[in-house]
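Per the numbering used here, residue 311 is the first one in the sequence shown, and the count goes up by one each step.
Every residue gets a Cβ at the ideal spot worked out from N, C-alpha and C, and that includes glycine.
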Amino acid sequence: MLKRCLRFHIHTERGFHLQNMKVISYNRIINPSFLLINHELPSNMFHRPRLISTSAPSISSFNMRKNDLMMRLPCCFATRAALSSSVKTDTSSGSKKQKSSSFYTHPSLLEMKNEKAANRVRVYEFLRSIGIVPDELDGLELPVTVEVMRERVDFLHKLGLTIEDINNYPLVLGCSVKKNMIPVLDYLGKLGVRKSTLTDFLRRYPQVLHASVVVDLAPVVKYLQGMDIKPNDIPRVLEKYPEVLGFKLEGTMSTSVAYLVGIGVARREIGGLLTRYPEILGMRVGRVIKPFVEYLEVLGIPRLAVARLIEKHPHILGFGLQERVKPNIQSLLKFHVRETTLPSVIAQYPEILGIDMEPKLPSQQEFLNSIIESTREDFGRVIEKMPQIISLSKAPVVKHVDFLKECGFSSEQVREMVVGCPQVLALNLDIMKKSFEYFKTTMARPLEDLVAFPAFFTYGLESTIKPRHKKIAEKALKCSLAWLLNCSDEKFDQRMSYDIIDMEEMEVGESSFDMNTLLEPRNDESASDYDDDYSEDDNV
311 MLKRCLRFHI HTERGFHLQN MKVISYNRII NPSFLLINHE LPSNMFHRPR
361 LISTSAPSIS SFNMRKNDLM MRLPCCFATR AALSSSVKTD TSSGSKKQKS
411 SSFYTHPSLL EMKNEKAANR VRVYEFLRSI GIVPDELDGL ELPVTVEVMR
461 ERVDFLHKLG LTIEDINNYP LVLGCSVKKN MIPVLDYLGK LGVRKSTLTD
511 FLRRYPQVLH ASVVVDLAPV VKYLQGMDIK PNDIPRVLEK YPEVLGFKLE
561 GTMSTSVAYL VGIGVARREI GGLLTRYPEI LGMRVGRVIK PFVEYLEVLG
611 IPRLAVARLI EKHPHILGFG LQERVKPNIQ SLLKFHVRET TLPSVIAQYP
661 EILGIDMEPK LPSQQEFLNS IIESTREDFG RVIEKMPQII SLSKAPVVKH
711 VDFLKECGFS SEQVREMVVG CPQVLALNLD IMKKSFEYFK TTMARPLEDL
761 VAFPAFFTYG LESTIKPRHK KIAEKALKCS LAWLLNCSDE KFDQRMSYDI
811 IDMEEMEVGE SSFDMNTLLE PRNDESASDY DDDYSEDDNV
């Protein structure tokens, strides 16, 4: 009976153990004959740990060992807790030491921002110390160190740019020497831009140092070549007008060229026209070119004649219409130039549209009056026949007047000759002396013939005067100098076939400018040839 009770008790204990297998964990004790049962149950359940003997044959031995083990359990648990706490502490302190000694630490975003601001302050202080005002550099990506910024400033100095130049465009300091400046300068050098012009080039257009060779510069150069600008003239165009490198191909450049061709500028002349005056590429048609052309048409110059003037003198498009051209026209009218002669005046001397005539006209009028006693109306006639008189220096004029007086002409005759043909004040004196000598000795004509036709001095002695005089001398013809000289060679040959001289042709006056010469078809020679001093050895 007792054995059955013991077995029942043991089975009961083991049954309880088996029922709780899902929620217990086993920790071994130093004694291999016992297992420590550590119950980890929900918080609302409490159980005491139990020991199950693997070799207890009797109740008494089981109870004794059980009591002995229960007495030692607190000590075991305390030791275990101490060991666990020690391991955690050592692990935590070790990780802290490892973290503090790591070489891969990263600063926070705030630290990086503060460091960047401090670097910019140091760079700004350096720039101020050398005279550069950095106010416009806010927001621009700058070097992080003063040394790199000093390298950029020194490189710009080597290019010839001064502190004043940099202050005029401080954004150039945002260009990297290796990534921006050197590639651009190398490209310009390969194109043929000369070193002697580089400093002025960069002063006029420092933005080129920001440009991409492939994206920005090369397409513009290709476009210029497509406009029939010769490869050797490309660097000349860039030197004259470096701003062209910043234009868009589909914008002002294409429209200005298209308009000029539309009004009659020969397509084959575009290359030479742009070579001599590339600023046209930057002119807006609606604001600049078209109003200028239309104003000349209003003055009486046919559109095709305007196109021919632009071919020969493309820079006239740069004369400000409101600021210069219109005031000059009004000044000419004020000084007795007849409105009907304005087209001829402009065609003979297009520069008259851009000259500052406010001080010139009164001065020249007073001077001419002092040496030939001319009237105000005389001064107007002189301008109509030779508008260059406005820019003629005084010393040559005095020499020519003195020569005419030495030839025997009176002051009044000199005045008539100058008013009739103002060119006598600007011709080569040596040639005039030879022509007068032939007139006096061989032709044996009276001085009055020269007073009536002073343009005699404008004809070539060997090419025109001598051959024609011989022909009329052989026929014993008597004619005026105007009938003899004021015609083409073909017309003169026709006159030589006449039995008599037409009296109407005898009344032909002095030569004058013919507007129709601008309307004649152009010959094969082009005005696009561009001659200038150039040295290929002076490239960048």
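- Within a 10 Å sphere around the beta-carbon of Ser418 sit fewer than 16 other beta-carbons, which makes this residue exposed.
- Just so you know, the alpha carbons of Arg686 and Leu791 end up roughly 29 Å apart.
- Counting along the chain, the unbroken alpha helix (DSSP H) around Asp475 starts and ends at 473-478.
- Rounded to whole angstroms, the separation of the alpha carbons of Ile544 and Lys532 is 10 Å.
- With the rule of 3 Cβ pairs closer than 8 Å, the segment 626-644 counts as touching the segment 662-671.
- 9 Å or more divides the Cβ of Asn490 from the Cβ of Val443.
- Burial state of Glu579 is buried, judged by a 10 Å Cβ sphere holding 16 or more other Cβ atoms.
- DSSP places Arg504 in the strand class (E or B) of the three-state scheme.
- The residues Val463, Ile473, in chain order, have a CB closer than 8 Å to that of Ile440 in the same chain once the five nearest residues on each side in sequence are set aside.
- Residues of the same chain with a CB within less than 8 Å of the CB of Gly690, apart from the 5 flanking positions on each side, are Phe645, His646, Val647, Arg648 in chain order.
- If you draw a straight line from the Cα of Leu584 to the Cα of Val518, it is about 21 Å long.
- Assigned with DSSP and collapsed to three states, Arg648 falls in coil, not helix or strand.
- Separation of Ser564 and Phe511 (C-alpha to C-alpha, rounded to the nearest whole angstrom) is 23 Å.
- Residue burial is scored here from C-beta neighbours: Ile492 has fewer than 16 other C-beta atoms within 10 angstroms and is therefore classed as exposed.
- The continuous alpha helix (DSSP H) containing Thr565 extends over residues 564-573.
- Around the beta-carbon of Tyr808, fewer than 16 other beta-carbon atoms lie within 10 Å, marking it exposed.
- Non-local beta-carbon contacts of Val616 in its own chain, meaning distances under 6 Å to residues more than five positions away in sequence, involve Val603, Leu606 in chain order.
- Cβ-Cβ separation between Leu481 and Glu446: approximately 7 Å, consistent with a contact (criterion under 8 Å).
- The straight-line gap separating the alpha-carbon atoms of Ser641 and Ser703 is approximately 20 Å.
- For His779, the uninterrupted alpha helix (DSSP H) run begins and ends at 776-784, by DSSP.
- The criterion of a C-beta distance shorter than 9 Å is not satisfied by Pro706 and Leu678.
- C-alpha of Gly630 to C-alpha of Arg546: approximately 24 Å in a straight line.
- Each of Ile539, Pro697, Leu739 was checked against the Cα of Asp712, and the nearest Cα belongs to Leu739.
- Annotation for Ile662: no alpha helix (DSSP H) segment contains it, and DSSP assigns it neither H nor E.
- The shortest C-alpha to C-alpha distance from Leu570 to any of Val524, Arg618, Pro541, Glu549 is the one to Arg618.
- Under the 10 Å beta carbon count, Asp803 is surrounded by fewer than 16 other beta carbons and is classified as exposed.
- For Leu527 and Leu609, the gap between their C-alpha atoms comes out near 41 Å.
- Secondary structure within the segment 722-769: the alpha helix (DSSP H) runs of 4 or more consecutive residues, fully enclosed, are 739-748, 757-762 (chain order).
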